[in-house]
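S.K.: Protein chains in written order, with the working numbering: chain R, 105 to 251; chain A, 239 to 328. Glycine included, each C-beta is placed from N, C-alpha and C at the ideal position.
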Amino acid sequence: MRIEGYLHRDKSPYLDVLVSLPKGKVKRKISFLIDTGTPRTILSERDALKLGLSFRRLKRLDEELLGLGGFSETFKLEDVTLLFASGRSGHSEQLPEVIVHRESSLPEEIKKQIPSLLGRDLIGRFVLVLDEGQDMVYMTDEHPPKY
Amino acid sequence: MAETSSAPERKASDTKMLASTLKDSRWLVKEWERLKKEYGDKFVAVLDCKVIAHHEDIKTLMRIVDEKVPEKKDFVTTEFINIKELRWLR
Numbered sequence: 105m106r107i108e109g110y111l112h113r114d115k116s117p118y119l120d121v122l123v124s125l126p127k128g129k130v131k132r133k134i135s136f137l138i139d140t141g142t143p144r145t146i147l148s149e150r151d152a153l154k155l156g157l158s159f160r161r162l163k164r165l166d167e168e169l170l171g172l173g174g175f176s177e178t179f180k181l182e183d184v185t186l187l188f189a190s191g192r193s194g195h196s197e198q199l200p201e202v203i204v205h206r207e208s209s210l211p212e213e214i215k216k217q218i219p220s221l222l223g224r225d226l227i228g229r230f231v232l233v234l235d236e237g238q239d240m241v242y243m244t245d246e247h248p249p250k251y
Numbered sequence: 239m240a241e242t243s244s245a246p247e248r249k250a251s252d253t254k255m256l257a258s259t260l261k262d263s264r265w266l267v268k269e270w271e272r273l274k275k276e277y278g279d280k281f282v283a284v285l286d287c288k289v290i291a292h293h294e295d296i297k298t299l300m301r302i303v304d305e306k307v308p309e310k311k312d313f314v315t316t317e318f319i320n321i322k323e324l325r326w327l328r
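1) Looking at C-beta atoms only, is the number of pairs between the stretch 182-201 of chain R and the stretch 221-237 of chain R that lie closer than 8 Å three or more?
2) If you run the structure through DSSP and keep just helix, strand and coil, what is P200 (chain R)?
3) Within a Cβ cutoff of 6 Å, which residues of the same chain sit near H205 (chain R), ignoring the five residues on either side of it in sequence?
4) Thinking C-beta only, is L285 (chain A) closer than 8 Å to E317 (chain A)?
5) Report the residue ranges of all alpha helix (DSSP H) runs contained in full by the stretch 251-283 of chain A; include only those spanning at least 4 residues, in chain order.
6) Look up K127 (chain R) in the DSSP assignment and give the residues it is bridged to.
7) Quick one, are the C-beta atoms of K274 (chain A) and I319 (chain A) less than 8 Å apart?
8) Using beta carbons (cut-off 8 Å, strictly below), is L260 (chain A) in contact with chain R?
9) Kindly list the residues whose CB is nearer than 6 Å to the CB of T142 (chain R), restricted to its own chain and excluding five residues on each side of it in sequence; keep chain order.
10) Within 10 angstroms of its Cβ, does E241 (chain A) collect 16 or more other Cβ (buried), or is it exposed?
11) So with Cβ pairs under 8 Å, would you call K306 (chain A) a contact of chain R?
12) With a 10 Å radius around its C-beta and 16 neighbouring C-beta atoms as the bar for buried, classify S148 (chain R) as buried or exposed.
13) Is there a Cβ from chain A that is less than 8 Å from the Cβ of E108 (chain R)?
14) In the DSSP output, which residue or residues are listed as bridge partners for Y251 (chain R)?
15) Considering only the alpha carbon of each residue, which of R:Y110, R:T244, R:P248 lies closest to G191 (chain R)?
16) Compute the distance between the beta-carbons of H292 (chain A) and K280 (chain A), then report whether it is under 8 Å.
17) Given that K249 (chain A) touches chain R, what residues does it touch there, using C-beta distances under 9 Å?
In structure tokens:
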């Protein structure tokens, strides 16, 4: 099984995901930046709005999220399904919790550029292959042999 | 009564649609400089390697998308085309 991604302009690796919320009421294609430095998958404000989420209705997390830009407000989505294009039937993964973050202090023009992050809670389930020279990024369940 | 598709059928259909839109994501990256001149500081919605809608507000953009391509609305690629280049530390 192989899930193909693409490299953005700055060579950052991205994967397209069909994000579905419980009861199948909401689903949208979201492009995630693959970020091995992030322990948990995070939905950015712009992508939360793309999904039609209302911050007033989201469950707030007690913990604040510390990033390079400082602290941000955090919310959570539960039981999120992520569908990846792979083969004919696709491949889906469940995440019990996805963080939604909002950085109120940043200008709108900056917030609009902040992508969602695919964290190690999901990436860690796969083998990640990144080869900028070949313009190639993919995740696979074919593990290399142990030495 | 209208027929409803089963969960495996829906998954297969969603997969097919999602796979077909990977080319839109790649097209957007490839055409960035051209799109910047036309749609700078706006969100664009891309389907079948074409810009089908643009707006400065993502919620409004998705409303336009929902009306314009109701059968494919969930699979539309969106991106904010920034004029001012930002460099990310991570």
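M.R.: Reading it off the structure:
1) In short, these stretches touch, since the Cβ pair count reaches three.
2) Residue mapping note: residue 200 (chain R) aligns to position 96 of the first sequence, counting from 1. Strand.
3) Numbered from its first residue, the first sequence carries residue 205 (chain R) at position 101. If we look at H205 (chain R) and ignore the five residues flanking it on each side, its Cβ neighbours are I146, L169, S176, T178.
4) Here the question's residue 317 (chain A) lines up with position 79 in the second sequence. Here the question's residue 285 (chain A) lines up with position 47 in the second sequence. The criterion of a C-beta distance shorter than 8 Å is not satisfied by E317 (chain A) and L285 (chain A).
5) Secondary structure in the stretch 251-283 of chain A: the alpha helix (DSSP H) runs of 4 residues or longer, each lying completely within the stretch, are 260-268, 270-277 in chain order.
6) Numbered from its first residue, the first sequence carries residue 127 (chain R) at position 23. The partner list for K127 (chain R) (beta bridge, DSSP) is empty, contrary to what the question assumes.
7) Within the second sequence, the letter at position 36 stands for residue 274 (chain A). Within the second sequence, the letter at position 81 stands for residue 319 (chain A). Taking 8 Å as the cut-off, the beta carbon of K274 (chain A) is found closer than this to the beta carbon of I319 (chain A).
8) Position 22 of the second sequence, counting from 1, holds the residue named residue 260 (chain A). So yes, L260 (chain A) belongs to the interface.
9) Position 38 of the first sequence, counted from the first residue, corresponds to residue 142 (chain R). Sequence-distant Cβ neighbours of T142 (chain R) in its own chain, meaning closer than 6 Å and more than five residues away, are L221, G223.
10) Reading the second sequence from its first residue, position 3 is the one you call residue 241 (chain A). Residue confidence for E241 (chain A) is low, a pLDDT of 46 falling below 50, so the modelled location carries little weight; the figure read from the coordinates is stated next. E241 (chain A) should be labelled exposed.
11) Counting from one through the second sequence, the residue named residue 306 (chain A) turns up at place 68. Taking Cβ atoms only, chain R never reaches closer than 8 Å to K306 (chain A), which makes this a no.
12) Reading the first sequence from its first residue, position 44 is the one you call residue 148 (chain R). S148 (chain R) comes out buried.
13) In the first sequence, residue 108 (chain R) corresponds to position 4, counting from 1. E108 (chain R) belongs to the set of residues whose beta carbon lies under 8 Å from a beta carbon in chain A.
14) By 1-based counting over the first sequence, the position of residue 251 (chain R) is 147. The partner list for Y251 (chain R) (beta bridge, DSSP) is empty, contrary to what the question assumes.
15) Looking up residue 191 (chain R) in the first sequence gives position 87. Among R:Y110, R:T244, R:P248, the Cα nearest to that of G191 (chain R) belongs to R:T244.
16) Taking the second sequence and counting its residues from 1, one reaches residue 292 (chain A) at position 54. Taking the second sequence and counting its residues from 1, one reaches residue 280 (chain A) at position 42. Cβ atoms of H292 (chain A) and K280 (chain A): closer than 8 Å.
17) Counting from one through the second sequence, the residue named residue 249 (chain A) turns up at place 11. Neighbours of K249 (chain A) on chain R, chain order: L187, S193, G194, S196.
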